[in-house]
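Protein chains in written order, with the working numbering: chain A, 1 to 196; chain B, 1 to 196. Ideal Cβ placement from N, Cα and C applies to all residues, glycine included. Keep in mind the model is a prediction, meaning the values are calculated, not measured.
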């Protein structure tokens, strides 16, 4: 069943809204049209290209939002965050992140992106990793853009713990998963002690 | 019960042989004597000081020994290795490895040292991390020397897997533990394909 142009453009809007990181190539293959058609659709709808969409979200300032560490200590770039709820970062795999021999990203860089996002999402001045279970599902290659999402799964106020699930994807395919148990100084909803 | 000098010196030799990273301060406290006494004992026994002992092991060349990655890709310095059996590395925590705010070492650097040692110990041209469970037991601080030991715990030749336990210590106190499940291209004892 061929979609009308109007239907396709509506679907395009919805898809990009749900996943701002989708490429024109992925959209073309999903809708069974050419990449050129997608580009024309985007122009008609005034949707910027992927690179611009990413720059746009990335340029938003999270410096005052993240509590647990300075933003420049986050590995990857935070593009969305809701403290104690969820966070997203992107990380571009460059030469210095891969094994020289095979161009596969080294595990500790994926771990670093996930771990620092788990720290960043916590609404506390101090957050330390206690435990972590991680799985490397697919090799990540030089040039890949890793999109990592952290989701706060649970909380144990008496033990000062926050439990976070992290999933990293490349082109919507899961490459890495991690569970992080984090220590924090105060529970969610507890008041900050203010120093007057 | 006070030991004779001869007994103490014998014990000193044994202790340093078992743990070349023990400091004079630790030995003094262990034997209930002054640091000066330990230094004199070492001189009489011609045992170099800790710094020299470490330099000595570190200067040995493992370049031809490690198969799975070039030595400069190992995080930390390998000071002992027996392929498919065990390996030891040391890692000095410097400013670039700690959180600016509190001087605590960032988790991914400890992970990186452990993970790259788990890669290095494997006697194969390719070794990739599949899974990893890690625990951060004590904060590691700026200036700490982390001694990490990897021990090959098991092997599954059909699945091309090697299981490795890693323990990191600072001043003989455990700071980090990890289990690593590694993928390799061939099982232990299987022949390398030689290209003639």
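Here residue 77 of chain A carries a strand assignment [DSSP, helix/strand/coil].
When the alpha-carbon of residue 65 of chain A is set against those of A/123, A/133, A/147, the nearest one is in A/123. Distance from the CA of residue 136 of chain B to the CA of residue 163 of chain B, rounded to the nearest whole angstrom, comes to 19 Å.
Taking the beta carbon of residue 132 of chain B as reference, the chain A residues within 7 Å of it are 134, listed in sequence order.
A straight line joining the alpha-carbon of residue 13 of chain A with that of residue 143 of chain A spans about 27 Å. By a beta-carbon distance limit of 8 Å, residue 108 of chain A contacts residue 108 of chain B. Their separation comes to about 6 Å. Using beta-carbon distances, residue 160 of chain B does not count as an interface residue toward chain A, since no partner is under 8 Å.
Per the coordinates, the alpha-carbon of residue 90 of chain A lies some 13 Å from the alpha-carbon of residue 50 of chain A. No Cβ of chain B is located within less than 8 Å of the beta carbon of residue 169 of chain A.
The C-beta distance from residue 166 of chain B to residue 140 of chain B rounds to 14 Å, too long to meet the 8 Å contact threshold. Among the residues of chain A, none has a CB under 8 Å from the CB of residue 117 of chain B; the nearest is roughly 11 Å distant. Contact check between the region 4-21 of chain B and the region 168-186 of chain A: fewer than three CB pairs, one atom from each, fall below 8 Å, which does not count as touching. Counting only Cβ-Cβ distances below 8 Å, residue 129 of chain B has contacts in chain A at 107, 136, in chain order.
In the DSSP assignment, residue 115 of chain B falls within the unbroken alpha helix (DSSP H) covering 107-120.
One alpha carbon belongs to residue 104 of chain A, the other to residue 186 of chain A, and they sit about 39 Å apart.
Annotation: residue 85 of chain A to residue 172 of chain B spans about 38 Å, alpha carbon to alpha carbon. In this chain, the alpha helix (DSSP H) harbouring residue 26 of chain A covers 24-31.
The three-state reading of DSSP puts residue 16 of chain A in helix, counting H, G and I together. Closer than 8 Å to the CB of residue 65 of chain B there is not a single CB belonging to chain A. Measuring C-alpha to C-alpha distances from residue 170 of chain A to each of A/19, A/2, A/154, A/42 identifies A/19 as the nearest. In the structure shown, the three-state DSSP call for residue 184 of chain A is strand. The three-state reading of DSSP puts residue 126 of chain B in coil, since its state is none of H, G, I, E or B. With its beta carbon less than 8 Å from one in chain B, residue 112 of chain A belongs to the interface. Secondary structure at residue 35 of chain A: helix, using DSSP grouped into helix, strand and coil. Interface criterion not met: the Cβ of residue 96 of chain A is under 8 Å from no Cβ in chain B. Apart from the 5 residues on each side of it in sequence, residue 184 of chain A sits with its Cβ closer than 7 Å to the Cβ of 122, 124, 126, 127, 160, 162 in its chain, given in chain order. The beta-carbon distance between residue 81 of chain A and residue 120 of chain A, rounded to whole angstroms, is 7 Å. This is short enough to meet the 8 Å contact definition.
Taking C-beta separations shorter than 6 Å and ignoring five residues to either side along the sequence, the partners of residue 153 of chain A in its chain run 163, 165, following chain order.
Close partners of residue 104 of chain B in chain A (Cβ separation under 8 Å): 128. For residue 163 of chain B, the enclosing beta strand (DSSP E) begins and ends at 161-170. For residue 90 of chain A, the enclosing beta strand (DSSP E) begins and ends at 86-92.
Judged by DSSP secondary structure, residue 146 of chain B falls within the beta strand (DSSP E) whose first and last residues are 145-156.
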